Amino acid sequence: MLRIRADLVDAMVKHARADHPDEACGVLAGPEGSDRAERHVAMINAERSPTFYRFDSGEQLRVWREMDDADEVPVVIYHSHTATEAYPSRTDINLAAEPDAHYVLVSTRDPEQHELRSYRIVDGVVTEEDIAIVEQY
Amino acid sequence: MSIQVSIPTILRVHTGGEKRVTATGSTLQAVIADLESNYSGISNRLVDDGKLHRFVNIYVNDEDVRFSGGLDTVIADGDSVTILPAVAGG
Chain A
1 MLRIRADLVD AMVKHARADH PDEACGVLAG PEGSDRAERH VAMINAERSP
51 TFYRFDSGEQ LRVWREMDDA DEVPVVIYHS HTATEAYPSR TDINLAAEPD
101 AHYVLVSTRD PEQHELRSYR IVDGVVTEED IAIVEQY
Chain B
138 MSIQVSIPTI LRVHTGGEKR VTATGSTLQA VIADLESNYS GISNRLVDDG
188 KLHRFVNIYV NDEDVRFSGG LDTVIADGDS VTILPAVAGG
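Sequence order for the protein chains is A and B. In this text, residue positions in the first sequence follow this note's numbering: the first is 1, and each later residue adds one. In this text, residue positions in the second sequence follow this note's numbering: the first is 138, and each later residue adds one.
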């Protein structure tokens, strides 16, 4: 189960809409061990592609160090699918390397209605989870 | 000669859960070989067919080694090495 603040959901959807038709990507950081996302960080998609994403390696180092210094971890890693459903692609599954993160997918294929779903991806196994959107934790 | 190496969550299975370890070596290749001698299995997660794995980022200090010589990147006493899995997909 991913319990998440509504303003963080809005921030991810807004980012996905802004970068459409390219894929958008980013993280929600939160205190280590809390499983509680607190802070939205929109990342550059170094691929600038409608079918692929990759965090810019320099920006990733900077953001990961900031999290480390603040005893934070990437609670959520998100990206958008701009022409397909919000389900992890084979590439998403093969490259998932944060076993403790919630992987959130936002689909922007419908211009009116986004789709947002959350998964755990561990050792190539995808498990979808419920999402509870709350105003405050 | 002591190099501090930062280990990502997914590779801590090789380091007994340690987030930071020390290693020695004057190139990245030598540092990885030294890591392998203490933390068996880690080299295969970083190097594939003699080349750095495409979806693992390794930094010496603040520099992504893809831009500074890859496995031949020179490392000096006091440098730090950071390993981060690339965040990527389709």
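Quick reminder that beta carbons are idealized off the backbone N, C-alpha and C, glycines included. Because the structure is a prediction, the values reported are computed rather than measured.
For the 7 angstroms CB-CB criterion, A/Phe-55 and B/Val-224 form a contact. DSSP links A/Leu-116 through a beta bridge to A/Val-106.
DSSP places A/Thr-127 inside the beta strand (DSSP E), whose first and last residues are 125-129.
Rounded to the nearest whole angstrom, the CA to CA distance from A/Val-27 to A/His-40 is 6 angstroms.
B/Ser-163 sits exposed, since fewer than 16 C-beta atoms from the chains shown fall within 10 Å of its C-beta.
In the DSSP assignment, A/Arg-17 is bridged to no other residue. DSSP places A/Phe-55 within a strand segment (E or B) once states are collapsed to three. For the set A/Ala-97, A/Ala-101, A/Asn-94 and A/His-81, the Cα lying nearest the Cα of A/Glu-72 is the one of A/Ala-101.
At least one beta carbon of chain B lies nearer than 7 angstroms to the beta carbon of A/Leu-61. Apart from the 5 residues on each side of it in sequence, B/Ser-180 sits with its Cβ closer than 6 angstroms to the Cβ of Ile-169 and Glu-173 in its chain, given in chain order. Short of 6 angstroms from the beta carbon of A/Asp-130, and not among the five residues preceding or following it, lie these beta carbons of its own chain, in chain order: Met-1. Contact check for A/Ala-46 against A/His-15 fails: the beta carbons are separated by 7 angstroms or more. Between A/Pro-21 and the set A/Ser-118, A/Val-125, A/Ser-107 and A/Tyr-119, the nearest pair of CA atoms involves A/Ser-107.
Per the coordinates, the alpha-carbon of A/Glu-135 lies some 24 angstroms from the alpha-carbon of A/Met-67. Between the beta-carbon of A/Val-9 and that of A/Ile-121 there is about 20 angstroms, and that puts the pair past the 8 angstroms contact cut.
Under DSSP, B/Leu-172 forms no beta bridge with any residue. Residue-level contact by beta carbon fails for A/Asp-69 and chain B, as no gap is shorter than 7 angstroms. Chain order gives the chain A residues near B/Thr-146 as Glu-98, Pro-99 and Asp-100, where near means a beta carbon separation below 7 angstroms. By the C-beta density criterion, A/Pro-88 is buried, having at least 16 other C-beta atoms within 10 angstroms.
For B/Ser-180, the enclosing alpha helix (DSSP H) covers residues 179-183. According to the DSSP assignment, B/Ile-220 belongs to the beta strand (DSSP E) that extends over 217-222.
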